[in-house]
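First the structure, in the form of structure tokens, and then the observations on it.
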Ligand code: HEA
Ligand code: HEA
Ligand code: CUA
Ligand SMILES: [Cu+2]
């Protein structure tokens, strides 16, 4: 079918690029974006499972007043780990994992621009996450909330190691996230198929590019904030030592300058997914494509200008509160435009109710509700009551759980056939959808009421007799209903892996390039470099008359492959470098400087090995007739 | 699929299609520097938030030596100039000149670091340390982070020179020098900001 | 409130549209091909203008209310000034105008503006009395302000709303709004020097003794323990005039003799995680009795109880 040229390995034996194609070793050394995407997706679901267990224990503890399932310390650890895991280790990497897999496929590329950097990003994320979880066995998990306000994190208030695990773990996984975001930007800007102008990019890819830009600007402030606390705790600096006159509020600024963009980092990939699912299943192009892109960019921009709406009660004064309140309202405009345009896409379509679009519809409803409560808490005077109550908890679960998570469930159902070549059973999927969505609302709707009745968040118990019993009990029961739904999803997906491989290239009558290649895609993705001359390239090649274009001659792509397709070689260095950093962090945490220095040196050695490893891999040459 | 033993050397590979015609590494460097701007921005922000909040001395006016730091700033600026020459040389395939100028950059960078080490030692002797007051904490971490950037730059440049002995470098590889140059100029600019915001502002 | 009403048309509009499309545009035949509309500039502009209008409608009352309630005020003679300091996990209330220091119970007059200066001694807390005012954080090295006017006398429960670890859930307090006269009485009762050097009530006398010997005064102070003398270290809640309080342990329990004794005997059982130790061995047979004695003494402090004690002190 195709011939292959192995490229010259580099000089030293040590620096040889490994060539395993199957087995554990091949996964440890892989640089293939599809394999890394799968690793990302599986890891984030694994972390999500842990966070879900934590959430269910939280709900159990709050079932009735004065439950003693866990003690206050354990409770603090539970919601901290739940929040940290969901945000940093589950939802955000899930978006990145989907991007890893599908962005190159959607733009007609063979891989990301920097495959080894991509591998490094994955490994450091997962090691960082695992590191935080080892804290449970090493003296207690972090217990300061996912926002870890100073000075709760200072050594004098929190001598245990939990905070160190939080800081180091998120510090290094943040490095990985940033690296992957840079990689995605370069990939999307540079590796688009010939003819795929920016305004012909699939919307998911667009949203991932915007997300990546947000990541590279939002993570450094967080990294600095982590660094400051790490230095305080490990080397005795004074960044958050109040006796030295430090300002704890600084942490809140740095955290939220990251933190608010972060919530859009979570939701924009979800917006992208929705913008793929809705047009596909209503058989219509996305309504107002340019406006959708523009509103995405607007949201990203504005996202950096609203951070103090999380700090309305910290005494910044009426002027600051007014300014940030108004910027927060303004964010509602582009978001509203998106919602309206999705409805506009459905309008006049021919909607096929598969599981993915059911999730998309659940998303529309839930996210709109969550957005409206967002606008409410963006009013400083209302927020003075709602802040740090269950009203806020309800708000962000509506946008993250009912928004991002539902969208990603939809994405799993949507892209599963592409990733595995197998179809998931629709009937069970719909039942699972029903329980999940119903459970979700039974779980979180009463929390609005609890919040308005004055129930603060992050409390492990609440007094009886002030009317909080019913709402909490309903909420906990909701979590059980949702749990049933989730178990059904799990069964559904596992069954999916057993289904016959009969999905074909294009089970949904899709619109974008990933549906033009076999499922699962071969490791080189495209046998012929696709060439594009319109939006929704795959749709245009199937139904040219509806797009008023003549699809480009596929053979045209072949000239871009004239020199052969370069398939990059595998490498040990990304994984080992990530491991070295992780071990170094343990060294610093346990004041074991020898270990820290050895790890540091190994890391530097890895960088050199990485740089001088040589190109590796091989070239594929496709026979002309075969490819045509 | 049959593996063919005949393998073209790395540099003979055809250049794959790129939408912007810019090399990937160059874009990556731009993106990285954009991100790094926020990194330094946050550190400088922290410095400014804690300016004049130290409860005990020594304070900036007690320790800063503007003429000395001006000299080291000038040295760093000059190194950027040499960096331009170095890039020009490799584009002309003039490897000896390339080595000379790159070594010059690395050398000037090291002198800058020497000044910084001297300054740090001097400050510590004057009683300023990361544990002393907020000024010490924020000053050392900010300028120290910058120093680490310079150090990485110097190591990178030395690695480039070493590489020129190991492999036949030429104009086709100039992009690798270019990105090192971008990095170097960026670090230089950041220093000018730090010099202004941290040092000069104290004396106006 | 305003947004609440505005949110209804938005929700009805969006959800109505969704429900409509679900029924109207479900796919009937598989070869159906809808019009491939890429958008419609006019519709898009209208759809953008709608949220812009909503935002304007929401913004105006919001800005008004911010400036009406959050503007910084300079406290005047007529206001009641209180310095609030948050501690893990209790509250200190100081009235600079009256020279009063107390804990966990904020007594204020009805109808007067109360200006609170908020600060924290350790980590971030938040002062929140839902029925009186919005919350404001207490942040170390930063003075925050909250002011409000309470219209109705009564007891208003409050709660720390910012995670401060340990006993955060139990970091409660009460605001007691008295009518004008009641407040003056309270101030007078608090300020009145009452020397309780001994008591006819044996239990109270024993408790007074134990307060010193058991080590309570290592952390707490009591004013007028002896004539003109305050006693103890003011690190933790000031117990002066404790008898005037209605709750114990930062409003975890009502201040009855039984509850106060239970608190003193085993604070961790009442309020898990707080910083007050138990000063008795677990198997100390006198624990209950001694704790009750101390509780009796503490409750005798202040106008009503104190008066009794004072009368008997006179005979000494
Ligand atoms: C995916 C994540 C996500 C998203 C998308 C949002 C979206 C928004 N959020 Fe939310 N938020 C969080 C995650 C998110 N948030 C989290 C995690 C927290 C808590 C953190 C913590 O403390 O732990 C939080 C907290 C939070 C606060 C602080 C509350 C507090 O702690 O006291 C505020 C305050 O302004 C706020 C506002 C908003 C606003 C205005 C939006 C807007 O973007 C919403 C825009 C959407 C709509 C408005 C709906 C659709 C629009 C229409 C149908 C058009 C018509 C409507 C209008 C024009 C009004 N959020
Ligand atoms: C994306 C974010 C996200 C998601 C999805 C959730 C989901 C849930 N959360 Fe979460 N929550 C947060 C983010 C999230 N949470 C954050 C940031 C906080 C603040 C923490 C803090 O205060 O610091 C918080 C706090 C928080 C609280 C408040 C704690 C307190 O303040 O005292 C509560 C209480 O009820 C709660 C409950 C739940 C429940 C019951 C769910 C349920 O919806 C969970 C259901 C389970 C899942 C959704 C996972 C299912 C997936 C799998 C099992 C894998 C399946 C595999 C395949 C499909 C292949 N959460
Ligand atoms: Cu103080 Cu919570
Ligand atoms: Cu926000």
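Chains as they are written, first to last, in this note's numbering: chain A, 5 to 632; chain B, 93 to 296; chain C, -18 to 297. Every residue, glycine too, gets a C-beta built ideally from N, C-alpha and C.
Considering only heavy atoms of ligand 4, does any lie closer than 6 angstroms to the CB of residue i?
i: residue 86/A; result: no
i: residue 264/A; result: yes
Can you find a C-beta in chain A that's less than 7 angstroms from the C-beta of residue i?
i: residue 19/C; result: yes
i: residue 314/B; result: The structure shown does not extend to residue 314/B, since chain B is modelled only from 93 through 296, so no value can be given for it.
i: residue 122/C; result: yes
i: residue 38/C; result: no
i: residue 109/B; result: yes
i: residue 130/B; result: yes
i: residue 145/B; result: yes
i: residue 150/C; result: yes
i: residue 266/B; result: no
i: residue 141/B; result: yes
i: residue 45/C; result: no
i: residue 229/B; result: yes
i: residue 180/B; result: no
i: residue 382/B; result: Here chain B comprises residues numbered 93 to 296, so residue 382/B is not present and cannot be evaluated.
According to the neighbour-count rule (16 or more other Cβ atoms, all chains shown, within 10 Å of its Cβ), is residue i buried or exposed?
i: residue 342/A; result: buried
i: residue 193/C; result: exposed
i: residue 296/B; result: exposed
i: residue 497/A; result: buried
i: residue 158/C; result: buried
i: residue 222/C; result: buried
i: residue 160/A; result: exposed
Say yes only if the C-beta of residue i is nearer than 6 angstroms to one or more non-hydrogen atoms of ligand 1, and no if none qualify.
i: residue 445/A; result: no
i: residue 32/C; result: yes
i: residue 408/A; result: yes
i: residue 382/A; result: yes
Cβ of residue i versus every heavy atom of ligand 2: is any distance shorter than 6 angstroms?
i: residue 95/A; result: yes
i: residue 53/A; result: yes
i: residue 102/A; result: no
Quick check: is any heavy atom of ligand 3 less than 6 angstroms from the C-beta of residue i?
i: residue 459/A; result: no
i: residue 106/C; result: yes
Contact criterion: CB-CB distance below 7 angstroms. Does residue i meet it with respect to chain C?
i: residue 255/A; result: no
i: residue 632/A; result: At residue 632/A the pLDDT is 37, less than 50, meaning the model places this residue with poor confidence; the figure from the coordinates comes in the next sentence. No, residue 632/A does not count as interfacial toward chain C.
i: residue 388/A; result: yes
i: residue 617/A; result: no
i: residue 291/A; result: yes
Determine, for residue i, whether the minimum Cβ-Cβ distance to residues of chain B falls below 7 angstroms.
i: residue 190/A; result: yes
Residues, ordered as in the chain, of the segment 318 to 330 of chain A that lie near chain C by beta-carbon distance below 8 angstroms = 318, 319, 321, 322, 325, 326, 329 and 330
task = Check distances from the C-beta atoms of the segment 570 to 602 of chain A to those of chain B and list, in chain order, the residues that come in under 9 angstroms.
result = 570
key: Start-end ranges of the beta strand (DSSP E) lying completely within the segment 82 to 133 of chain A, minimum 3 residues   = none
Interface positions of the segment 240 to 257 of chain C facing chain A (Cβ-Cβ less than 9 angstroms), listed along the chain = 253 and 254
message = To be precise: take each residue of the segment 49 to 73 of chain A, compare its Cβ to all Cβ atoms of chain C, and keep it if any distance is under 8 angstroms. Which residues remain?
response = none
Cβ-based contacts, 7 angstroms cut-off: residues of the segment 440 to 466 of chain A near chain C = 458, 460, 462, 463, 464 and 465
ask   = Where are the alpha helix (DSSP H) runs, 4 residues long or more, that stay fully inside the segment 366 to 431 of chain A, in chain order?
value = 384 to 390, 394 to 400 and 410 to 424
query = Taking Cβ-Cβ distances below 7 angstroms as the criterion, which residues of the segment 157 to 177 of chain A are in contact with chain C?
reply = 161
ask   = In chain order, which alpha helix (DSSP H) runs of at least 4 residues are fully inside the segment 95 to 172 of chain C?
value = 161 to 172
task = Name, going along the chain, the residues of the segment 388 to 412 of chain A whose beta-carbon falls closer than 7 angstroms to a beta-carbon of chain B.
result = none
message = Please identify, using Cβ separations under 9 angstroms, the residues of the segment 222 to 246 of chain A that lie next to chain B, in order along the chain.
response = 222, 223, 224, 225, 226, 227, 228, 229, 231, 232, 235, 236, 239, 240, 241, 242, 243 and 245
ask   = What residue ranges within the segment 218 to 296 of chain C form continuous alpha helix (DSSP H) runs of no fewer than 4 residues, ordered along the chain?
value = 238 to 246, 248 to 251, 268 to 281 and 284 to 295
ask   = Enumerated in chain order, which unbroken segments of the alpha helix (DSSP H) with a length of 4 residues or greater are wholly contained in the segment 165 to 205 of chain A?
value = 166 to 194
key: Contained alpha helix (DSSP H) runs [length at least 4] in the segment 238 to 309 of chain A, N- to C-terminal order   = 253 to 286 and 293 to 307
request  = Entirely within the segment 514 to 594 of chain A and at least 3 residues each: give me those beta strand (DSSP E) ranges in chain order.
outcome  = 569 to 571
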